[in-house]
Amino acid sequence: MTGTPTNAEIAQRLKEIRALMEFAGEPYFKFMAYERAAEAVENASPVGDLVSGGRLQEVPGIGKTIAGRIAELCATGSCAYLDELQARFPLTLLEVLSVPGVGMKTAQMLFERLGIASLDDLQRALDAGALAEIPRLGKKSVENIKRGVLSAKSRAHRTPLGTAAARAAEIVAFLAERSPAADLTPAGSVRRHEATVGDIDIICTSDAPDAVIAAFTGWSEAEAVLAEGSTKASIWLPGALQVDLRVLPAHLYGNLLQHFTGSREHNIQLREAAVRANFRVSENGIVDLRDGRLITCRTEAEVYATLGMAEIPPEMRLGLGELEAARDGTLPAVVGLGDLRGDLHVHLGPETTLEELAAAAAARGYEYLTVIGAEPEPARAVGERFGVRLLTAADVGIRADGSLAAPDALLAAMDLVVASVRADLDLPRDEMTRRLIRACENPYLTVITHLTGRRVGGDSGYAFDHEAVFAAAARTGTALDIDGRPDRLDLPGSLARRAKEFGVTFACCSGASNVADLAHVTFAIGQARRGWVTAAEVLNARPLAGVLAFAGAKRTAASHAGRFADP
Ligand SMILES: [Zn+2]
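This is the structure in structure tokens:
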């Protein structure tokens, strides 16, 4: 840990102490004091300030002993008492305790009798049938534990956003048709457009939650039902994917959606900001601490407005300055799907025809579509029939020396040129940087796509100086694509936010080679929003004339200067 730990980190340590104390058989009132303290810390002003000001014990729920432990945690990141507990009981026991169906008594028994101290230990014991040796565990309990382990593993296993979002949409469509659910919304990491998700959270409202739960757990795609209650249930889908559904009364929809959208960091910061303004926020509503009044919100906008903030788009809820901006009125109006006037990276090939692409583009309300692999004449003619301008483009590789892998005459004949790094991925960092800067300086190159070469859930991409390339892209008028293909999402939102500071122009494209995949542009927009990108910064949010002017300006500038001068 570097610097002073955050309130969330301190609270986490206190919860670890609490769990290990219970495991050690300490009395209830003793370990519950740590639970209350953890909660108090989550809602308090920054603990570092309280410690240095000697005001820690003024916080309700924090007594002398625990205040001492917190001071120790603040100073060193740990405390002697926690170290002592951990020496007797490994922290991985918390994994075992997190398994649905394993209570404290069972976990203690598994540890004492079989030495099970982690999720892996438990899986091995289940595989070996060792749990049958424990007399107090019946067949049914062992079955419950098996299901619980699946659930705990789903949370550890990450599913790519593209897969999870498609699954979430299927469930929403199923429940909309077969159950009395309203306000069906995927929340959590799917809604925030995290590149990979641990599990799918869906929330909805209904007057008849039983019927909604029954439809959900009865879904034919469910491999197992992990939990089933009166207002929530969890199922397990093929591919180690858990889905949690919550059904709640309509008047709480705004509070619930806000709570279950997260992120955890965003919600912790929101609670801290709320306490400073005399409110306590939870999924059950907002309590005005001055008079104890409970405020419930039908919409998320009401939640944020109650706390004196503008509504924050879900993709931006990362705890990275968005709450301050929402309070100060400086939150940017981020680009939305409806701002796009076309797509600049679509392939003609065996999976589709010009007619299909033109019809689909018109149906999406696009003004233009850049089709790679199309001839100019048929593209113009087909586009006219469907009322869409079909542009032509080359999609070429960037060679190791930064030149484009196609003759200038071919590039000059196209409306636009898209390029990417496809080979020689292991160049030294400096050479890769030079290669990308040189590509930006090519007068024909309009858009660099999947700049980093990362793969979602896999390779993190090749090494280069991101900022030097962002500066070159801005200086030369080269757009950087946010590739919406689910295995790419490249640029990722975090880098887009950095690139924005350099004045980069972005493109938000699907990279589709069939009509269905044109919808992948949604994921490009998701990353753009995570990066605080506005419509004004997106090339394909401009009218056709603006796109052609952008490409043309670069060609003209280069023909005057001979090449781009580096200032
Ligand atoms: Zn392509």
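Going by the working numbering, the sequence shown runs without a break in its numbering and finishes at 1865. Glycine is no exception: its CB is placed at the ideal position from the N, C-alpha and C atoms.
In this structure, the straight-line span from the alpha carbon of Pro1790 to that of Gln1825 is close to 6 Å. Around the beta carbon of Arg1353, a 10 Å sphere encloses fewer than 16 other beta carbons of the protein chains shown; the residue is thus reported as exposed. Look at Ser1487 here: in three-state DSSP terms it is helix. Shown here, Asp1425 sits in a helix according to DSSP, grouped into three states. The DSSP-derived three-state label of Ala1525 is strand. In this structure, Val1400 lies near Ile1443, with their beta-carbon atoms less than 7 Å apart. Between Tyr1666 and Arg1683, the gap from beta carbon to beta carbon reaches 7 Å or more. For Gly1695, the uninterrupted beta strand (DSSP E) run begins and ends at Arg1687 to Gly1695, by DSSP. Shortest gap from the CB of Asp1724 to any heavy atom of ligand 1: 6 Å or more. By DSSP's assignment, Ser1718 forms a beta bridge with Gly1695. Residue state for Ala1810 is assigned as strand, using DSSP reduced to three classes.
One thing to note: Ile1501 has its Cβ within 7 Å of the Cβ of Arg1544. Excluding the 5 residues flanking it on each side, Thr1597 has same chain C-beta neighbours closer than 6 Å at Gly1552, in chain order. Secondary structure at Thr1750: coil, using DSSP grouped into helix, strand and coil. For Asp1693, the CB falls within less than 6 Å of some heavy atom of ligand 1. The continuous beta strand (DSSP E) containing Arg1591 extends over residues Arg1591 to Ile1593.
When beta bridges are read from the DSSP output, Cys1502 appears opposite Val1545. Listed in chain order, the non-local C-beta contacts of Ala1623 below 7 Å within the same chain comprise Leu1629, local neighbours out to five positions each way being set aside. In this structure, Asp1724 is the residue among Asp1724, Pro1388 and Leu1568 with its C-alpha nearest to the C-alpha of Asp1757.
Under the DSSP assignment, Phe1684 falls in the alpha helix (DSSP H) whose first and last residues are Pro1674 to Phe1684. Annotated three-state conformation of Val1745 is strand, per DSSP. Inter-residue distance for Ser1811 and Arg1733 is about 27 Å (C-alpha atoms, whole angstroms).
Under the DSSP definition of a beta bridge, His1645 partners with Ile1670.
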